[in-house]
Structures are given as C-alpha cells and as structure tokens.
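First comes the structure, then the notes that go with it.
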Amino acid sequence: MSDGNQVGIVLVSHSGPVAESVAELAKGLAAGGATAPVAAAGGTPAGGLGTSAEQIAEAARSVDRGAGVALLVDLGSAVLTVKSMLAEGDELPEGSRLVDAPFVEGAVAAVVTASAGGDIAAVEAAASEAYGYRKL
Amino acid sequence: MLDADFFHRWMTAAAALVSREADHLTELDSAIGDADHGSNMERGFAAVTAALGKEPPQTPGAVLVLAGRQLISTVGGASGPLYGTLLRRTGKSLGDASAVTPEQLAEALGAGVASVAQLGGAQAGDKTMLDALLPAAEALGTSFEAAKEAAEAGALATVPMQARKGRASYLGERSIGHKDPGAMSSALLVAALAETGAKDGSGA
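Below is the structure:
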C-alpha cells in the first residue's frame, strides 16, 4: 500500500443499472474497508440506453485524485464515445486511459488493484489480464 | 469562398433534412439496428442548431468543431462520436481561416472521414457510413452536387452488403438486403451541403 493517491475507475455502460451494479460488485469484491474511487456512467441522462459524454466527463472528474483515471467500457457507443473524448484531449482529466478489458471481470480486477495502491499501469494490466480468465 | 455563415446554413439544412427523414432513418435502423438512429440524429442536430444560434462561431472551422462537440454530447448512440469526430476533425483541418475554398473543404472532409474510419475501425464495404462518406469526399473535389450523388449511390450500394461493424454485424447474412442507416444519414449530410451550395451558387 502506498500513501499516494489512488487511481480512479470509471465504468461506462450502455445501461445505467449495468454500470452501477458492476461498480457495486467490484467495490464489494475489493475486500473490506475503503476502496479506490469508482464512478458509474451508464445510459443517457434521461435514463435510456446509450452513452453520455457529459456523464462520462463528470464521472471521471469525480474520481480523479491526480493518479490517473482508468475507464472501462462495454460496447458500441460506450467505446466510441470514450475514444473520441480522449482524442479531443481536454474533456477528460489528465492521465485518463481507456482500458481494453472485459467489463465485469476487468472492473473487479481494476478496483482491487487500484484499492491496493497500484498505479495506472498496474490497474490497466490487471484489468486487461482478465481477458485470459477462461471459464472452461 | 465559403464563410462561417455558409457552414452555419449547411448545419441548419442538415438538421432540417435529418428531421424530415427521421422516421425513415429509424425504420432502416429497426431492420438491422436498435431503432434509434432517426431520433438520435434529430436530437443531435437540434442541439447543433441551438448551439450555433446561441453564439454563432466566426470561422468555418469553429462552426464544425462546435457542431461536432454537440453531437458527441447529445446523440447518445454510436453515431454521436462518429459524426462528432467527422465534423470536429474536418473543422480542425480547416484551421482558423475566416473563409475557405471548396477545395479546402474537400481536403478537410477527407481528413474527417479518415478519422471516422480510424475511430470505428471500419473500411469501405463494411456496410457503414463510410460507404457513403468515402466516395462523397472524393467527389467533393469535383462539385457539391457530384458529392451528393456519390453519397447517395454509396448509401444505396450498402443494400446488398453484409454488415461487418456495429450491432448489425451480429445479424450476419440477415443484414443483407437493407440499406445502412448510417450511410443514409451521411448521404443526408452531404445532400444538405449541396443544397446550401446550390442556394448561393458556390457549389461548383
């Protein structure tokens, strides 16, 4: 554990309930005590299915502690919206990264790693490694 | 020369066309997508015209950058970042000149289309908006009207294609026989440009 600032995690889904549930799941599995900051950004502001750049930007700001923000996404517009925001350069906090990972398993790995004090590279590596977790 | 006001009129014309064709776009999208393309695009372009009307930008590039940003933040579906990137990248390529030539627009649009391809990872023949935009950007060097015709032909050519990108690709062969809604809306955007050019005689 370091005394440094923790990496923030943003979970971007097409669906608000999916993003929020995965955030709860990841925090719950990250053992007891305080976890790294996690924010859900799912669905449209009106509560429908889709992606909102404003919600994503707001979520990223809310978890930014200066150690980088890892964004995990599910599919379609969630991926494209985060990619286009990163391409713009000033819409997400400095040190924000789109992490290529399976949404649920990657979120758990990312939150556990960030909560343990891992830096952004460690969080990204742990989340991406979740692709290798075979179920059969 | 095409000034900021021309680009503003282009976006207004695009909003009107998208609004008129919204039901048609959604109908196409219900065949192979998730039936929200018309309403998403209509909402996005309504936000574009509202933002442009509130504080009209002074340069062609700034008009397109603002329009692109509005689309990214309001559309809600994949077409938001895709069209947003198209307009924003095209706008940035135009720089801060107060007026541009049709040739400069053609070149900038080419850069915009290339960044759409990069963002979505699609290429010609994948049954996407690129199938309308790639031929349109190429024909724009000739005239706005030629670009419009190329975009419409490109959109029509998506009917027999099998989708290889996006949600429609999950349908496999069942995506064949439907016009791609993204290619259709791209053709509308180019048609709005031709319409705007024809009105003030700058199209050739």
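Chains P and F, in that order, are what the protein sequence lines are.
Residue 5 in UniProt numbering sits at position 5 of the first sequence, and the numbers go up by one each step.
Residue 24 in UniProt numbering sits at position 24 of the second sequence, and the numbers go up by one each step.
Note that beta-carbon positions come from the ideal geometry of N, C-alpha and C, so glycine has one too.
It should be emphasised that the depicted structure is a prediction, and the values quoted were computed from it without experimental measurement.
Applying the criterion that 16 or more other CB atoms from any shown protein chain within 10 Å of the CB defines a buried residue, is GLY48 (chain P) buried or exposed?
Exposed, since its Cβ has fewer than 16 Cβ neighbours within 10 Å.
At which residues does the beta strand (DSSP E) containing GLY42 (chain P) begin and terminate?
Taken as a continuous stretch (DSSP letters only), the beta strand (DSSP E) holding GLY42 (chain P) covers 38 to 42.
Using a Cβ-Cβ cut-off of 8 angstroms, state whether LEU72 (chain P) counts as contacting chain F.
Chain F, which has no Cβ nearer than 8 angstroms to the Cβ of LEU72 (chain P), makes this no.
Measure the C-alpha to C-alpha separation of THR101 (chain F) and LYS83 (chain P) and round it to an integer number of angstroms.
Approximately 31 angstroms, taken between the alpha carbons.
Mind reading off the beta-carbon distance from SER175 (chain F) to LEU133 (chain F)? Whole number of angstroms is fine, and I expect it under 8 angstroms.
The Cβ separation is near 19 angstroms, so there is no contact.
Nearest to ALA130 (chain P) by alpha carbon, out of P:GLY106, P:ALA78, P:GLY8, P:LEU80?
The candidate whose alpha carbon is nearest that of ALA130 (chain P) is P:GLY106.
Is the shortest distance between the beta-carbon of VAL18 (chain F) and the beta-carbons of chain P less than 8 angstroms?
Chain P contact via Cβ: absent.
In the region 49 to 80 of chain P, which residues sit with their C-beta less than 7 angstroms from some C-beta in chain F, listed in chain order?
Hits within the stretch, in order: GLY50, THR51, SER52, ALA53, GLU54, GLY76, SER77, LEU80.
Counting along the chain, where does the beta strand (DSSP E) carrying VAL75 (chain F) start and finish?
Here VAL75 (chain F) belongs to no beta strand (DSSP E), and DSSP marks it neither H nor E.
Would you kindly work out how many angstroms separate the C-alpha atoms of MET161 (chain F) and ALA153 (chain F), rounded to a whole number?
Looking at the two C-alpha atoms, the distance is approximately 13 angstroms.
How is the beta strand (DSSP E) around LEU71 (chain P) delimited, first residue to last?
LEU71 (chain P) -> beta strand (DSSP E) spans 69 to 73.
Using a Cβ cut-off of 8 angstroms (strictly closer), state whether LEU25 (chain F) contacts chain P.
Answer no: the Cβ-Cβ gap between LEU25 (chain F) and chain P never drops below 8 angstroms.
Measure the CB-CB distance between GLY84 (chain F) and LEU71 (chain F) and report whether it falls below 8 angstroms.
Against a cut-off of 8 angstroms, the Cβ pair of LEU71 (chain F) and GLY84 (chain F) comes out as a contact.
Checking the sheet assignment: what are the DSSP bridge partners for ARG97 (chain P)?
ARG97 (chain P) is bridged to P:ALA70.
Can the beta-carbon of HIS24 (chain F) be found less than 8 angstroms from the beta-carbon of SER79 (chain F)?
Contact: no.
Take the Cβ of GLY89 (chain P) as the centre, count every other Cβ of all protein chains shown within 10 Å, and call the residue buried at 16 or more, exposed below.
Its Cβ having fewer than 16 others within 10 Å, GLY89 (chain P) is exposed.
Straight-line CA distance for ALA101 (chain P) to VAL65 (chain F)?
The alpha-carbon atoms of ALA101 (chain P) and VAL65 (chain F) are separated by roughly 31 angstroms.
Quick one: using the 10 Å Cβ neighbour count with 16 as the cut-off for buried, is GLY28 (chain P) buried or exposed?
That one is exposed.
Between which two residues does the beta strand (DSSP E) containing LEU11 (chain P) stretch?
It spans 8 to 13 - the beta strand (DSSP E) in which LEU11 (chain P) sits, taken as one unbroken run.
Taking the straight line between their C-alpha atoms, what separation do you get for VAL48 (chain F) and VAL108 (chain P)?
So the alpha carbons of these two residues sit roughly 38 angstroms apart.
My output table needs one value for ALA191 (chain F): the three-state DSSP class, helix, strand or coil.
Helix, per DSSP.
Which one of F:PRO81, F:LEU105, F:LEU130, F:GLN118 has the shortest CA to CA distance from ALA150 (chain F)?
Selected option, being the one with the closest Cα: F:LEU130.
With a threshold of 16 other CB atoms inside 10 Å of the CB of ALA36 (chain P), please say whether the residue is buried or exposed.
The residue in question, ALA36 (chain P), is buried, as its Cβ has 16 or more Cβ neighbours within 10 Å.
To the nearest angstrom, report how far apart PRO135 (chain F) and GLU24 (chain P) are at their CA atoms.
Distance between the alpha carbons of PRO135 (chain F) and GLU24 (chain P) is about 47 angstroms.
Checking the sheet assignment: what are the DSSP bridge partners for ALA99 (chain F)?
Paired residues: F:ASP3.
Can a CB atom of chain F be found closer than 8 angstroms to the CB of residue 160 (chain P)?
It is not possible to answer for residue 160 (chain P), since the shown part of chain P is limited to 1 through 136.
Quick check on ARG69 (chain F): buried or exposed, where buried means 16 or more other Cβ atoms within 10 Å of its Cβ?
Buried is the call here.
With burial defined as no fewer than 16 other Cβ atoms inside 10 Å of the residue's Cβ, what is the status of GLY8 (chain P): buried or exposed?
Classification for GLY8 (chain P): buried.
Do we get a CB-CB distance below 8 angstroms when we pair GLY80 (chain F) with the residues of chain C?
Although the question refers to chain C, the structure presented lacks it and instead comprises the protein chains P and F.
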